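*Asks:* Sharing a structure, written as structure tokens. Questions coming.
Protein chains: 2
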Amino acid sequence: MGIGKRIKEAREKLGLTQKELGDLLGVTGSAVTNYENEVSHPKEPIMYKMFEALQVDANYLFQDTMPENENSPAPANAETGELDKQEQTLIQNYRALNDEGKEKLLDYSDDLVSSSKYTKNNQSQVSQEA
Amino acid sequence: MGIGKRIKEAREKLGLTQKELGDLLGVTGSAVTNYENEVSHPKEPIMYKMFEALQVDANYLFQDTMPENENSPAPANAETGELDKQEQTLIQNYRALNDEGKEKLLDYSDDLVSSSKYTKNNQSQVSQEA
DNA sequence: ATACTAAGACTCTCTTAGCGG
DNA sequence: CCGCTAAGAGAGTCTTAGTAT
Numbered sequence: 000m001g002i003g004k005r006i007k008e009a010r011e012k013l014g015l016t017q018k019e020l021g022d023l024l025g026v027t028g029s030a031v032t033n034y035e036n037e038v039s040h041p042k043e044p045i046m047y048k049m050f051e052a053l054q055v056d057a058n059y060l061f062q063d064t065m066p067e068n069e070n071s072p073a074p075a076n077a078e079t080g081e082l083d084k085q086e087q088t089l090i091q092n093y094r095a096l097n098d099e100g101k102e103k104l105l106d107y108s109d110d111l112v113s114s115s116k117y118t119k120n121n122q123s124q125v126s127q128e129a
Numbered sequence: 000m001g002i003g004k005r006i007k008e009a010r011e012k013l014g015l016t017q018k019e020l021g022d023l024l025g026v027t028g029s030a031v032t033n034y035e036n037e038v039s040h041p042k043e044p045i046m047y048k049m050f051e052a053l054q055v056d057a058n059y060l061f062q063d064t065m066p067e068n069e070n071s072p073a074p075a076n077a078e079t080g081e082l083d084k085q086e087q088t089l090i091q092n093y094r095a096l097n098d099e100g101k102e103k104l105l106d107y108s109d110d111l112v113s114s115s116k117y118t119k120n121n122q123s124q125v126s127q128e129a
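Here the protein sequences line up with chains A and B, keeping their order. Heads up, the first sequence is in numbering that gives the first Met the number 0, so the first residue is 0 and it goes up one at a time. Heads up, the second sequence is in numbering that gives the first Met the number 0, so the first residue is 0 and it goes up one at a time.
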């Protein structure tokens with residue numbers, strides 16, 4: 000149901016003991032027992048290390064806790080299936096840049112998104128519930 | 000570089016206030032402030048509701064905390080394959096912008112490409128895999 | 001050895017109250 | 001109204017010690 004079962008699954012797939020995983024995470028083996036049996040949950044900084052230690056991504060660990068995919072018209076994240084012409088230009092430009100340029104472009108895109116002036120934050124339909 | 004910035008990003012994209020998100024999560028607006036500024040981190044049960052409330056998946060929220068490129072043995076993530084993580088972020092940001100923002104971002108990418116300082120021509124760069 | 005449990009010290013979240021835009 | 005901060009009460013993690021397989 001939670002992430003415990005998935006942690007155990009991934010740990011055993013790697014052939015690690017609870018203590019070995021604990022060492023990678025900077026906690027004791029008992030703490031790992033608690034995670035797997037859902038007695039307690041890893042806190043954020045430890046969670047971050049978990050992805051690396053278990054070599055899994057977040058969607059794998061949280062797969063049982065997220066809403067069912069179903070026929071969700073509003074995809075959670077990916078949606079990068081097809082790019083229109085301008086998006087292709089953007090990616091081509093991005094790929095033409097060196098590391099410094101890439102970082103600048105990404106930072107700039109973050110800035111724009113952070114500024115409500117440039118987001119399509121329009122009133123939209125903020126459904127009037129409760 | 001935690002999940003705070005991504006929470007804020009997703010919340011604003013939905014046009015929600017901190018209090019409104021808090022109501023969906025069962026916490027106060029101040030708690031949401033703390034999440035976004037990384038003063039504190041949502042605990043697990045609240046984390047679970049977050050995916051649903053923000054309509055995002057776990058990989059989106061944790062994208063900045065996971066290793067760059069990991070070849071997972073587990074069926075971790077079956078995504079596009081076309082764009083790498085940073086390119087996906089760029090496209091997602093682009094799509095979050097209104098027309099004016101999109102134009103600014105495209106113009107900026109053109110400027111960077113035009114400047115030899117940020118292209119990978121003049122200096123040797125890490126070779127890309129074919 | 002490995003996994004689990006109990007108890008408690010310790011840490012951190014979350015609320016309330018209040019401030020500034 | 002909106003977002004942020006400080007303080008403290010309360011909740012929960014993590015360790016140590018011990019049991020069992």
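Idealized CB from N, CA, C, for every residue including glycine. Just so we're clear, the structure is a prediction, and the values are computed from it rather than from any experiment.
Just list the residues that DSSP pairs B/T118 with in beta bridges.
*Replies:* Beta-bridge pairing links B/T118 to A/L96.
*Asks:* Would A/Y57 count as contacting chain B if we go by Cβ distances under 8 Å?
*Replies:* For the record, residue 57 of chain A in the displayed sequence is Ala; it is not Tyr. With 8 Å as the cut-off, A/A57 counts as an interface residue toward chain B.
*Asks:* Please say whether A/L96 and B/L111 have beta carbons closer to each other than 8 Å?
*Replies:* yes
*Asks:* Rounded to whole angstroms, what is the Cα-Cα separation between B/A30 and A/G3?
*Replies:* 25 Å
*Asks:* Which two residues bound the contiguous alpha helix (DSSP H) that contains A/S39?
*Replies:* No alpha helix (DSSP H) holds A/S39; DSSP gives it neither H nor E.
*Asks:* Does any residue of chain A have a CB that is nearer than 8 Å to the CB of B/G100?
*Replies:* yes
*Asks:* B/D63: which of A/G100, A/S39, A/E51 sits nearest, CA to CA?
*Replies:* Checked all of A/G100, A/S39, A/E51; the closest Cα to B/D63 is A/E51.
*Asks:* Does chain B have any CB closer than 8 Å to the CB of A/K103?
*Replies:* yes
*Asks:* Apart from the five residues just before and just after B/G21, which ones in its own chain have a Cβ nearer than 7 Å to its Cβ?
*Replies:* T27, G28, A30, V31
*Asks:* Please confirm if A/V38 has its CB atom under 8 Å from at least one CB of chain B.
*Replies:* no
*Asks:* With C-beta atoms as the reference, is A/A86 less than 8 Å away from B/Y93?
*Replies:* As written in the sequence, residue 86 of chain A is Glu, which differs from the Ala given in the question. Yes, the Cβ-Cβ distance between A/E86 and B/Y93 is below 8 Å.
*Asks:* From the DSSP output, in three-state form, read off A/G3 for me.
*Replies:* Assignment of A/G3 by DSSP, reduced to helix, strand and coil, places it in the helix class.
*Asks:* For chain B, find out if any of its Cβ atoms is closer than 8 Å to the Cβ of A/L20; answer yes or no.
*Replies:* no
*Asks:* Checking contacts by CB at 8 Å: is B/D109 closer than that to chain A?
*Replies:* yes
*Asks:* Run down chain B in chain order and give the residues with a C-beta less than 7 Å from the C-beta of A/T88.
*Replies:* L105
*Asks:* Within 10 Å of its beta-carbon, does A/T16 have 16 or more other beta-carbons around it, so buried, or fewer, so exposed?
*Replies:* exposed
*Asks:* Since A/L15 is in the alpha helix (DSSP H), which residue starts that stretch and which ends it?
*Replies:* Neither: A/L15 is in no alpha helix (DSSP H) and is coded neither H nor E.
*Asks:* Between the Cα of B/I6 and the Cα atoms of B/Y117, B/K42, B/V55, which residue gives the shortest distance?
*Replies:* B/V55
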